[in-house]
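One structure is given below, encoded as structure tokens.
Residue numbers (the numbering used here), protein chains in the order written: chain A, 36 to 148; chain B, 6 to 116.
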């Protein structure tokens, strides 16, 4: 059990560029979550997967955001045409269906210039 | 609606005890979580309460009163490494069992 890993840890991009983040969950975990967190706030739910199925997506999520989990293992989160307001920490978490506890990765910090 | 309130910041002394409160309003309460988050790091799980009462785990305890919409996290024998943000989150059946998060309480430990 190596925990949840996220890559990259930091990403600096220019406004208008596309970025993609990767999350590798704990190996036997079938649920995977994406959150966004800004300074002084709690995590804000973006979307979650059970195996390869995307079961829910936040209504607040712009259509510039898309996430995939093609084989039910790792997941990617893509942001198209980034804006300065997208600057935040993007957190990934995973859990077992039968268990309530979510385990988080260290996050990807995105800075949009 | 859904709402979770925690104090923004608290200060305590090394070796002392501190209680961090969390009040919540949700339509379909299905459990309350406490997480610890050091600056720039991932939240790490501390405790989970779904029934009323006190759950003790070493130096940390968590209490829940569902009728009052209230929880607290109690930290004993404070150490400098306990300086962190403490996040309260509620699982809500009306939101597809997703976690609704508070903004966190920044705890500062002074020697």
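Every residue gets a Cβ at the ideal spot worked out from N, C-alpha and C, and that includes glycine.
Using only CA atoms, which one of A:133, A:58, A:51 lies nearest to residue 42 of chain A?
Minimum Cα distance to residue 42 of chain A is reached at A:58.
Could you pull the DSSP bridge partners for residue 77 of chain B from this structure?
According to DSSP, which records beta bridges pairwise, residue 77 of chain B is partnered with B:26, B:68.
Any idea if residue 104 of chain A is buried or exposed, counting beta-carbon neighbours within 10 angstroms, 16 or more meaning buried?
Label assigned to residue 104 of chain A: buried.
Report yes if the C-beta distance between residue 83 of chain B and residue 23 of chain B is below 9 angstroms; otherwise report no.
Contact flag set, yes.
DSSP beta-bridge partners for residue 50 of chain B?
In DSSP, residue 50 of chain B forms a bridge with B:40.
Run the CB neighbour count on residue 147 of chain A, radius 10 Å, all protein chains shown included, and call it buried at 16 or more, exposed below.
By the neighbour-count rule (16 or more Cβ atoms within 10 Å), residue 147 of chain A is buried.
Does residue 12 of chain B come within less than 9 angstroms of chain A when only Cβ atoms are used?
Taking Cβ atoms only, chain A never reaches closer than 9 angstroms to residue 12 of chain B, which makes this a no.
Which residues, in order along the stretch 128-146 of chain A, keep a beta-carbon less than 9 angstroms from a beta-carbon of chain B?
Those would be 128, 135, 136, 137, 138, 139, 140, 141, 142, 144, in chain order.
Kindly indicate which three-state DSSP category residue 70 of chain A falls into: helix, strand or coil?
Reduced to three states, the DSSP call for residue 70 of chain A is strand.
So residue 53 of chain B contacts chain A; which residues on that side make the cut at Cβ distance below 8 angstroms?
Near residue 53 of chain B (Cβ distances below 8 angstroms), the residues of chain A are 135, 136.
Counting only C-beta atoms, is residue 96 of chain B closer than 9 angstroms to chain A at any point?
Taking Cβ atoms only, chain A reaches closer than 9 angstroms to residue 96 of chain B, which makes this a yes.
Under 9 angstroms between C-beta atoms, does residue 80 of chain A make it to chain B?
It does: the Cβ of residue 80 of chain A has a partner Cβ on chain B nearer than 9 angstroms.
So is residue 88 of chain A buried or exposed if we call it buried at 16+ other beta carbons inside 10 Å?
Exposed, by the Cβ-count rule.
Looking at the structure shown, is residue 98 of chain A part of a helix, part of a strand, or coil, going by DSSP?
In this structure, residue 98 of chain A counts as coil in the three-state DSSP scheme.
Can you tell which of B:107, B:115, B:112, B:111 has its C-alpha closest to the C-alpha of residue 10 of chain B?
Per the Cα distances, B:107.
Can you list, in chain order, the residues of its chain whose CB lies under 7 angstroms from that of residue 105 of chain B, leaving out five sequence neighbours each side?
The answer, listed in chain order, is 7, 9, 31, 94, 95, 97.
Can you name the residues of chain B whose CB is closer than 9 angstroms to the CB of residue 67 of chain A?
Here the premise fails: no neighbours, minimum Cβ distance about 13 angstroms.
Find the nearest neighbour of residue 86 of chain B within the set B:113, B:29, B:58, judged by alpha-carbon distance.
Here the closest residue by C-alpha is B:113.
With a cut-off of 8 angstroms on the beta carbons, I'd call residue 123 of chain A and residue 71 of chain A a contact; round off their distance for me.
Contact holds; Cβ gap of about 5 angstroms.
Within 9 angstroms of any Cβ in chain A, is that where the Cβ of residue 30 of chain B sits?
Chain A contact via Cβ: absent.
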